[in-house]
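Numbering (this note's numbering), first residue to last: 43 to 383.
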Amino acid sequence: MRKRAVLITGAAGEIGLALIQTLAQSSQLPLLTLDLLPLPDSVSGMTTHVQGDILDRALLSRLVSEYEIDTIYHLAALLSTRSEFTPEAAHRVNVEGTLALLQLASEQSEWRGQPVKFIFPSSIAAYGLPDLETKHAYNRVREWEWNYPRTMYGCNKLYCEQLGIYYSQYYRQLAADRPVMLDFRCVRFPGLISALTVPSGGTSDYGPEMLHAAAKGAPYACFVREDVRIPFMAMPDAINALCKLTEAPQTALRRRVYNVTSFSLSAAEFRDWVLKYFPDAKITFEPDLKRQGIVDSWPADLDDSAARRDWGWQPEYDLERSFSEYLVPGITRRYQRAHEH
Ligand code: AKB
Numbered sequence: 043m044r045k046r047a048v049l050i051t052g053a054a055g056e057i058g059l060a061l062i063q064t065l066a067q068s069s070q071l072p073l074l075t076l077d078l079l080p081l082p083d084s085v086s087g088m089t090t091h092v093q094g095d096i097l098d099r100a101l102l103s104r105l106v107s108e109y110e111i112d113t114i115y116h117l118a119a120l121l122s123t124r125s126e127f128t129p130e131a132a133h134r135v136n137v138e139g140t141l142a143l144l145q146l147a148s149e150q151s152e153w154r155g156q157p158v159k160f161i162f163p164s165s166i167a168a169y170g171l172p173d174l175e176t177k178h179a180y181n182r183v184r185e186w187e188w189n190y191p192r193t194m195y196g197c198n199k200l201y202c203e204q205l206g207i208y209y210s211q212y213y214r215q216l217a218a219d220r221p222v223m224l225d226f227r228c229v230r231f232p233g234l235i236s237a238l239t240v241p242s243g244g245t246s247d248y249g250p251e252m253l254h255a256a257a258k259g260a261p262y263a264c265f266v267r268e269d270v271r272i273p274f275m276a277m278p279d280a281i282n283a284l285c286k287l288t289e290a291p292q293t294a295l296r297r298r299v300y301n302v303t304s305f306s307l308s309a310a311e312f313r314d315w316v317l318k319y320f321p322d323a324k325i326t327f328e329p330d331l332k333r334q335g336i337v338d339s340w341p342a343d344l345d346d347s348a349a350r351r352d353w354g355w356q357p358e359y360d361l362e363r364s365f366s367e368y369l370v371p372g373i374t375r376r377y378q379r380a381h382e383h
């Protein structure tokens with residue numbers, strides 16, 4: 043008998059590590075995780091971990107021969123900055139990897155006669171505003187506006203959203219007997235900030251990097267201008283959004299792709315919040331025009347009213363609470379502990 047399980051790909055990444063901790067407490071089903079990297083000791087006892095590549099078809103076949111996969115959190119991706127250095131590799135991981143997982147979920151849905159839930163984190167990178175004037179004019183962007191990404195990662199995310207919709211609504215639409223299709227649900231995240239991990243390979247990384255450097259007592263040169271503004275969210279809210287969207291009754295969902303956000307900050311405001319808690323922090327601005335160009339094309343804020351209306355989305359951590367109750371205490375503890383060892 044195959045064991046029912048919840049699959050998390052890209053499990054060793056920032057979202058993955060936080061999601062494992064939450065689902066290990068709340069999930070009715072055991073967790074099965076997949077990543078190229080091993081998991082750290084802090085979570086390795088909470089899941090059955092398979093170290094491997096989502097592009098390895100034989101490995102995916104082996105997994106479905108052993109497990110009946112009920113829900114997939116497909117987190118594996120190369121982020122925006124990294125993808126610009128290796129665009130074709132990014133396409134392979136971000137698009138071909140997602141396609142392989144969508145196929146797997148389709149086959150599972152058909153085989154068991156019940157949709158597999160496919161939860162997909164997309165990103166503000168799916169948007170692309172042409173210039174700063176337009177960015178200022180369209181402050182809170184809605185899901186269907188400005189879908190003109192400027193990065194390989196953004197193109198990949200936008201296309202995979204469409205593939206997810208295709209596989210859950212139109213897959214094999216000309217066949218005489220339509221199969222049971224998967225249930226694709228997606229959130230477009232702003233820049234995420236975790237107290238436990240430092241991001242790598244993204245372009246919204248200047249926010250979390252500034253904060254982690256301040257807590258470590260290291261100087262930080264921010265790679266975007268002071269006035270650059272994008273939305274952010276603390277990691278517990280990101281996990282909450284994924285879990286709430288998973289649990290929402292399908293009848294309540296009027297879209298398959300939803301914006302979610304918490305607070306919007308310019309880089310200078312971000313610095314001021316960091317200085318409030320770490321007054322000795324040494325933060326300078328040395329814009330890298332290329333990376334800044336990417337952030338300039340992302341919206342200053344997101345309109346997440348559809349998520350609020352359909353599945354009761356509401357961030358629990360606003361700006362003040364994110365810093366005072368989650369980020370600062372968590373990051374301070376992290377570096378104190380590192381210092382003691
Ligand atoms: C990145 O910077 O690439 C990511 C994102 C905004 O999706 N953090």
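For each residue, glycine too, the CB sits at the ideal point set by N, CA and C.
Using three-state DSSP, classify GLY55 as helix, strand or coil.
Taking the sequence shown and counting its residues from 1, the one referred to as residue 55 is at position 13. Reduced to three states, the DSSP call for GLY55 is coil.
For the beta strand (DSSP E) containing LYS159, list its first residue and its last residue.
Here residue 159 refers to the residue found at position 117 of the sequence shown. Element bounds for LYS159: 159-165.
Among GLU110, ARG351 and PRO129, whose alpha-carbon lies nearest the alpha-carbon of ALA119?
Along the sequence shown, read from residue 1 onward, the residue named residue 119 stands at position 77. Residue PRO129 is the option with its Cα nearest to ALA119.
Just checking, does the segment 203-212 make contact with the segment 83-93 on the three C-beta pairs under 8 angstroms criterion?
no
In terms of residue numbering, what span does the beta strand (DSSP E) encompassing MET275 cover?
Position 233 of the sequence shown, counting from 1, holds the residue named residue 275. MET275 -> beta strand (DSSP E) spans 271-276.
What is the DSSP secondary structure of VAL337, counted as helix, strand or coil?
The count along the sequence shown starts at 1 and reaches residue 337 at position 295. Correct three-state label for VAL337: helix.
Determine whether the beta carbon atoms of ASP360 and SER304 lie at a separation below 8 angstroms.
Mapped onto the sequence shown, residue 360 falls at position 318. Mapped onto the sequence shown, residue 304 falls at position 262. Yes, these two residues count as a Cβ contact at 8 angstroms.
With DSSP run on the structure shown, which of helix, strand or coil describes GLN145?
Taking the sequence shown and counting its residues from 1, the one referred to as residue 145 is at position 103. Three-state result, GLN145: helix.
Measure the Cβ-Cβ separation of PHE160 and ASP247 and say whether it is below 8 angstroms.
Here residue 160 corresponds to residue number 118 of the sequence shown, with the count starting at 1. Here residue 247 corresponds to residue number 205 of the sequence shown, with the count starting at 1. In this structure, ASP247 does not lie closer than 8 angstroms to PHE160 by Cβ.
Quick one: is the Cβ of TYR300 within less than 7 angstroms of any heavy atom of the ligand AKB?
Taking the first residue of the sequence shown as position 1, residue 300 is located at position 258. Checking every heavy atom of the ligand AKB against the Cβ of TYR300, none is found closer than 7 angstroms.
Going by other Cβ atoms of all chains shown within 10 Å of its Cβ, with 16 needed for buried, is TRP353 buried or exposed?
Along the sequence shown, read from residue 1 onward, the residue named residue 353 stands at position 311. It is buried - the Cβ of TRP353 has at least 16 other Cβ atoms within 10 Å.
What's the C-alpha gap between PRO278 and ALA60?
As a working note, residue 278 is residue 236 in the sequence shown. As a working note, residue 60 is residue 18 in the sequence shown. Going by C-alpha positions, PRO278 is about 8 angstroms away from ALA60.
Quick one: using the 10 Å Cβ neighbour count with 16 as the cut-off for buried, is ASP343 buried or exposed?
Within the sequence shown, numbered from 1, the residue matching residue 343 stands at position 301. Counting Cβ neighbours within 10 Å, ASP343 comes out buried, since at least 16 surround it.
Between the Cα of GLU152 and those of LEU101, SER107 and MET223, spot the shortest distance and give me the residue it belongs to.
Start at 1 with the first residue of the sequence shown, and residue 152 comes out as number 110. Out of LEU101, SER107 and MET223, MET223 has the C-alpha closest to the C-alpha of GLU152.
If I measure Cβ to Cβ from ARG339 and keep anything under 7 angstroms in the same chain, skipping five residues before and after, which residues do I get?
Position 297 of the sequence shown, counting from 1, holds the residue named residue 339. Contrary to the premise, residue 339 reads as Ser rather than Arg in this sequence. Correct list, in chain order: GLY170, LEU171 and ARG192.
Using the rule of at least 16 other Cβ atoms within 10 Å of the residue's Cβ for burial, across every protein chain shown, is TYR212 buried or exposed?
Residue numbering aside, residue 212 sits at position 170 when the sequence shown is read from its first letter. The residue is exposed, with fewer than 16 neighbouring Cβ atoms inside 10 Å.
Quick one: complete alpha helix (DSSP H) runs, 4+ long, within the segment 231-316?
248-258 and 277-289
Could you give the C-beta distance for SER122 and GLY244, rounded to a whole number, given that I count them as a contact under 8 angstroms?
Start at 1 with the first residue of the sequence shown, and residue 122 comes out as number 80. Start at 1 with the first residue of the sequence shown, and residue 244 comes out as number 202. Sure, about 6 angstroms apart at Cβ, within 8 angstroms.
Taking 7 angstroms as the limit between beta carbons, can you name the residues of its chain near TYR201, skipping five residues before and five after?
Translated into positions along the sequence shown, residue 201 becomes position 159. Taken in chain order, the residues that qualify are VAL137.
Kindly list the residues whose CB is nearer than 6 angstroms to the CB of GLY196, restricted to its own chain and excluding five residues on each side of it in sequence; keep chain order.
One-based indexing of the sequence shown puts residue 196 at position 154. Within the same chain, GLY196 has close Cβ partners ALA167 and ALA168.
If I measure Cβ to Cβ from LEU97 and keep anything under 8 angstroms in the same chain, skipping five residues before and after, which residues do I get?
Here the question's residue 97 lines up with position 55 in the sequence shown. Result list for LEU97: ARG134, VAL135, GLU138, GLY139 and ALA142, in chain order.
Buried or exposed, going by whether 16 or more other CB atoms sit within 10 Å of the CB of PHE127?
As a first step, residue 127 must be located in the sequence shown, where it is residue number 85. Exposed is the call here.
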